[in-house]
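Going by our numbering, 679 is the number at position 36 of the sequence shown; the sequence numbering is gapless.
Cβ coordinates follow ideal geometry from the N, Cα and C atoms, glycine included.
These figures come from a predicted structure and were not determined experimentally.
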Amino acid sequence: MLKNGEAAWFAAHPTMPKLRKGSPADDLTDDGGPLAGLRELVLLRYAKGKAPKDAPVADEHPGLRDGFEPPEELVARAGLKEAYSFDSKVVGSIPGAGQEVRPGRFVVVTVEREKQQDPPTGSDGGSVPIPPLPDDDDDDVNTPGWLCPTRFC
């Protein structure tokens with residue numbers, strides 16, 4: 644059974660909207676996002692060839708295999724690895740942009756991890772030195788009686 648927000652989304656979108664490639668996956672289901680109202684029906688999966696080696700293969704819910712979902716929808720996402728939105732950028736979707744969307748179906752957003760920035764390096768290629776901390780003479784903070792009533796601070 645669809646929730647009101649989900650039913651409204653499917654009524655307004657008989658075909659899959661185009662998702663902007665490279666946009667953060669976090670924003671898709673937010674208010675005003677292209678998949679707003681579908682939070683529970685959006686599955687994030689790494690695009691083929693974009694998954695980290697340690698990414699788990701998605702655990703498809705056994706109940707979904709029992710006739711609640713057409714087999715072609717299961718096959719379309721078979722073998723894709725599970726992704727998380729906090730470090731992911733949109734690559735595409737299943738169904739693809741412009742394809743018909745069956746009300747109640749899972750929308751699979753294929754993603755890749757954001758490129759991590761390399762740490763800054765010095766002009767010689769080495770790491771940037773960390774400046775020493777100023778001597779502020781607070782060595783006695785963990786001494787009993789000074790902000791610490793016991794010797795176990």
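- From the listed residues Val734, Glu716, Glu757, Tyr727, the smallest Cα separation to Arg745 is found for Glu716.
- Annotation: the region 671-709 contains the following complete segments of the beta strand (DSSP E) (minimum length 3 residues), in chain order: 685-689.
- Ranking Asp730, Asp697, Ala650, Leu662 by CA distance to the CA of Leu684 puts Ala650 first.
- Distance from the CA of Thr753 to the CA of Asn647, rounded to the nearest whole angstrom, comes to 26 Å.
- A check of alpha carbon separations from Lys724 across Glu755, Arg663, Asp673 identifies Glu755 as the nearest.
- Per DSSP, the continuous beta strand (DSSP E) segment holding Glu755 begins and ends at 750-756.
- Between Arg688 and Ala701, the beta carbon gap of about 6 Å places them in contact (Cβ cut-off 8 Å).
- Residue environment for Thr658: exposed (fewer than 16 other C-beta atoms within 10 angstroms of its C-beta).
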